[in-house]
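Q:
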Amino acid sequence: MASSLGRTLPSDYSSPMLHDLPVGRALRRFRRLNAVKQGHLAELLAVSQATVSRWESGAQEPDEVHRERIVALIAAQADHRGDAALKRLVETSSMPVHLVCDATHQLLAVSPPRAATWRVEAGEMLGTSLWRFASPGVVAAQAALAYGGWFERPYQQLRFETGSNGHDDIPILPGLLQWETVPLSDGRTGRLATTVG
Numbered sequence: 114m115a116s117s118l119g120r121t122l123p124s125d126y127s128s129p130m131l132h133d134l135p136v137g138r139a140l141r142r143f144r145r146l147n148a149v150k151q152g153h154l155a156e157l158l159a160v161s162q163a164t165v166s167r168w169e170s171g172a173q174e175p176d177e178v179h180r181e182r183i184v185a186l187i188a189a190q191a192d193h194r195g196d197a198a199l200k201r202l203v204e205t206s207s208m209p210v211h212l213v214c215d216a217t218h219q220l221l222a223v224s225p226p227r228a229a230t231w232r233v234e235a236g237e238m239l240g241t242s243l244w245r246f247a248s249p250g251v252v253a254a255q256a257a258l259a260y261g262g263w264f265e266r267p268y269q270q271l272r273f274e275t276g277s278n279g280h281d282d283i284p285i286l287p288g289l290l291q292w293e294t295v296p297l298s299d300g301r302t303g304r305l306a307t308t309v310g
């Protein structure tokens with residue numbers, strides 16, 4: 114796990130979404146899913162165990178440096194062999210669906226029906242955050258996640274109406290969108306985004 118802290122964030126990770134991410138709650142979910150003690154995480158992040166506890170409870174927010182290290186730690190990659198079947202299922206799905214990192218919206222896999230609506234090559238978008246294409250409905254749903262327990266439990270599902278995002282390259286059309294969290298083999302959490310209506 115120590116090598117995970119050496120990850121670097123792509124340049125488009127400076128999106129406003131990351132500043133709204135409840136990193137303490139997301140860190141607690143990551144720690145629980147991976148059976149990591151607060152003390153070990155504190156050692157990895159070069160802080161006290163009490164500081165990790167305050168971050169997880171929301172009593173204190175990490176500074177920018179620690180926030181970036183936490184996001185790098187919990188950011189999903191889905192490039193491990195254990196995720197090959199999940200990626201294959203998404204990439205061969207007949208439904209408009211894509212898989213992103215739950216913390217950063219970094220694209221991990223996309224289905225042909227979803228990619229067919231894009232004006233950019235899906236392969237060029239892999240590893241890139243899709244947050245800049247979020248519709249107002251997606252932004253509102255994301256903002257509500259922290260208050261609805263999304264980052265408290267590993268398996269979550271949400272359906273909501275979303276309007277257009279006004280982007281031609283990666284359009285979001287008005288309709289019903291479903292988000293589902295998916296644990297990945299590296300202990301991080303992915304999010305399936307499926308248009309269901």
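Residues 114 to 310 in our numbering are what the sequence shown spells out, letter by letter. The beta-carbon is built from N, C-alpha and C at its ideal position, and this holds for glycine as well.
1) Quick one: what does DSSP say Val309 is sitting in, helix, strand or coil?
2) Go ahead and label Leu221 buried or exposed: buried means 16 or more other beta carbons lie within 10 angstroms of its beta carbon, across all protein chains shown.
3) For Arg301, which option in Ala172, Thr205, Ala185, Arg167 has the closest C-alpha, if you only look at C-alpha atoms?
4) Curious, which full-length alpha helix (DSSP H) runs of at least 4 residues does the segment 244-281 contain?
5) Any idea which residues DSSP pairs Gln162 with across the strands?
6) In three-state DSSP terms, what is Ser242?
7) Pop quiz: Ser224 and Met238 are said to be a contact at Cβ under 8 Å. What is the actual Cβ separation, rounded to whole angstroms?
8) If you run the structure through DSSP and keep just helix, strand and coil, what is Ala139?
9) With the cut-off set at 8 Å, would you say Thr294 and Tyr268 are in Cβ contact?
10) Whole angstroms is fine: what's the gap from Arg138's alpha carbon to Ser242's?
11) Give the single residue among Phe246, Arg167, Ala253, Phe264 whose Cα lies nearest to the Cα of Glu274.
12) Pick from His280, Val309, Pro284: whose alpha carbon is nearest that of Gln291?
13) To the nearest angstrom, how far is it from the Cα of Ala159 to the Cα of Arg182?
14) Would DSSP call Leu221 helix, strand or coil?
15) According to DSSP, is Pro287 part of a helix, a strand, or is it coil?
16) Do you know how far the Cα of Pro249 is from the Cα of Pro296?
17) Can you tell me whether Val233 sits near the ligand ADP, meaning its C-beta is under 7 Å from at least one heavy atom of the ligand?
18) According to DSSP, is Thr121 helix, strand or coil?
A: In short:
1) coil
2) buried
3) Ala185
4) 249-258
5) DSSP lists no partner for Gln162.
6) strand
7) About 13 Å; that fails the 8 Å criterion.
8) helix
9) yes
10) 21 Å
11) Ala253
12) Val309
13) 11 Å
14) strand
15) coil
16) 27 Å
17) Annotation note on the ligand ADP: not contained in the displayed structure, which lists no ligands.
18) Bear in mind that the predicted position of Thr121 carries a pLDDT of just 42, short of 50, making it unreliable; the figure below should be weighed with that in mind. Here Thr121 sits in coil by DSSP.
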